[in-house]
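Chains as they are written, first to last, in the numbering used here: chain S, 2 to 302; chain H, 2 to 302.
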């Protein structure tokens, strides 16, 4: 039976610039991206906060994808807004402006009916808040977290604390290096696993993603996308596909984790082909399965 | 039966700087790196040129690896010398100095007894010289070439001409982008295949390498090396392992090409763990097979 997935994180309006195109005020935020991908696999519950400027049509869009929004708080004030730009490499965003709005002093409350969710994704937020959120969840089968360079620099101890309490840590290559102060991703991976999580996902953008565990490693290639429209949200969409695929697995073993890695890559490939959550929203399960098979072929001897 | 391999390219003395260490006057050059790797698989014939400063012990070292040096010319003057430095990322070298020496006006002569070699590697050199060299080889089963940014900039037409006449083009990611003036490696790959070669290898350094053909693609992961001593020669060593593995294959089909990709990665993993050709020279066939199995496990679902 498909397990339930809880995501706790941001919803935002993004202004995105790429060398080829731009969008203003489009739905973004880690929880939006994650939930849209995960909803293709499993029942998703979302805990987040938006301001009174949040458009009813965006609420309907998420709800229409089957996402349970009982944990979505609406507060007086403005929604999280982020403005970022990408150069021609289309990999790392340069932030032009961040306005946290109501997200700034938000402390997530996990509704009682979400507390027994089986899989949990703690999207990027202050690690102390991740820890407080985790305390509100009862005996999940698996917890994954994402983080960012800011917390590595400013809340390193709290981050290491919460990392020790989760099952899966998902970060990008630069963050892995930064966290362990080494250029060697292989060494960083070993050190991060020593901190406590059973699995580490190192996201490598157009080079795919690598899963490290104490028992084995697995290299997922990138799905070959010829034209990338907007890489925003690719990592959270990856996490959505990853936990989504795990939600369908009876056992969370090596085979399930590897399959989930490929689903993460597939989902992020849809995401980067459009702005906002449009790419993932347009992909149905048959589209996902088609790309999964194409991706699998890329590593089949 | 194992096929014979011909390599035409540079032998050099390198001065190499990394943030951790340095070496002066160590044996380098594309043909040295390639030949040492390929010699682990098949009979290798080398066509190259050195100056009167070239040490007899280096000749013996190559000969001792079973490399046929009947095509090694010794001329009055100095051997090719290259001085380069790497920053902490240990990926792309910055050239401090190049002194071509006797390599500068060299025109390779393929000895008659090498002319029927079955597999041929045209290492990085002026594409007009690659073309003239190719004309001296009779009906090889497969020809691969490597090139560099300099020829893309300065001899683009000649390069495209010789690329159309070979089977495998091996370049790095940045060169693929530069050649096709696009950031999308996927698009660049398609365009390069349209130029004529049946296979394109895009080398991605610590991210492995990708094989593109008109029928299929294959993503080889990198072998996880924790401490990289010196990346010099990794690409040529890759090519040596790649052609070496093909030399052992009865048919050069998709399965053989994929297996060869993994052997290329394995050989380059040995190479980067030491300066000069020392890493590859220290690896025997059993070491290679062990890493091959480890690498295969990284992409086994």
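Where is the CB? At the ideal position from N, CA and C, for every residue including glycine. Every value quoted in this text rests on a predicted model; they were computed, and no experiment measured them.
Distance check between residue 234(H) and each of 138(H), 204(H), 151(H) and 182(H) places 204(H) closest, using alpha-carbon atoms only.
Less than 7 Å separates the beta-carbon of residue 11(H) from that of residue 31(H). Neighbours of residue 228(S) in chain H, taken as residues whose beta carbon is under 7 Å from its own, are 185 in chain order.
As a beta-bridge residue in DSSP terms, residue 96(S) pairs with 85(S).
Close to residue 235(H), with beta-carbon spacing below 7 Å, lies no residue of chain S; the smallest spacing is near 16 Å. Taking a C-beta cut-off of 9 Å against chain H, the contacting residues of the stretch 247-259 of chain S are 256 and 259, listed in chain order.
In this structure, residue 52(S) places its C-beta atom within 7 Å of the C-beta atom of residue 103(S).
In this structure, the beta-carbon distance from residue 50(S) to residue 72(S) does not fall below 7 Å.
Residues of chain H whose Cβ lies closer than 7 Å to the Cβ of residue 300(S) are, in chain order, 220 and 300. In this structure, residue 239(S) places its C-beta atom within 7 Å of the C-beta atom of residue 269(S).
Checking the DSSP bridge columns, you'll see residue 24(H) partnered with 17(H). Pairing residue 244(S) with residue 63(S) gives a Cβ-Cβ distance that is not under 7 Å. Below 8 Å, enough C-beta pairs join the stretch 128-136 of chain S and the stretch 156-172 of chain S to call them touching: three or more. Comparing C-alpha distances from residue 87(S) to each of 81(S), 97(S), 79(S) and 78(S) shows the shortest one belongs to 97(S). Between the alpha carbons of residue 45(H) and residue 175(S) lies a distance of about 41 Å. Residue 89(S) belongs to the set of residues whose beta carbon lies under 7 Å from a beta carbon in chain H. Apart from the 5 residues on each side of it in sequence, residue 177(S) sits with its Cβ closer than 6 Å to the Cβ of 186, 189 and 203 in its chain, given in chain order. Here the stretch 106-117 of chain S does not lie against the stretch 143-156 of chain S, with fewer than 3 beta-carbon pairs under 8 Å apart. Linking residue 230(H) to residue 275(H) through their CA atoms gives a straight-line distance of about 5 Å. Among the residues facing chain H, residue 225(S) is included, as its CB has a counterpart in that chain under 7 Å away.
The shortest CA-to-CA distance from residue 19(S) to any of 168(S), 107(S) and 232(S) is the one to 232(S). About 5 Å separates the beta carbon of residue 206(H) from that of residue 92(H), a gap short enough to meet the 8 Å contact definition. In the same chain as residue 221(S), and ignoring 5 residues on each side of it, the C-beta atoms closer than 6 Å to its own belong to 209, 210, 262, 263 and 266, in chain order. Not a single C-beta of chain H is nearer than 7 Å to the C-beta of residue 155(S).
As DSSP reads the structure, residue 55(H) sits in no beta bridge. Under the DSSP assignment, residue 186(S) falls in the alpha helix (DSSP H) whose first and last residues are 186-195.
Contact annotation: in the stretch 197-210 of chain S, residues whose CB is within less than 8 Å of a CB in chain H are 205, 207, 208 and 209.
Setting aside the 5 residues that flank it on each side, residue 258(H) is surrounded in the same chain by 200, 212, 214, 219 and 247, each with a C-beta closer than 8 Å to its C-beta; the list follows chain order.
Setting aside the 5 residues that flank it on each side, residue 296(H) is surrounded in the same chain by 222, 224, 263, 266 and 267, each with a C-beta closer than 7 Å to its C-beta; the list follows chain order. Below the 9 Å Cβ cutoff, chain S contributes 227 and 228 as neighbours of residue 188(H), in chain order. Contiguous beta strand (DSSP E) elements confined to the stretch 201-233 of chain S occur at 210-214 and 218-221, taking only those with 3 or more residues.
If you check the CB distance, residue 89(H) and residue 34(S) do not come in under 7 Å. In the three-state DSSP reduction, residue 276(H) falls in the coil class, being neither helix nor strand. Chain order gives the chain H residues near residue 297(S) as 302, where near means a beta carbon separation below 8 Å. The Cβ atoms of residue 37(H) and residue 278(H) sit closer than 7 Å to each other. The DSSP-derived three-state label of residue 78(H) is coil.
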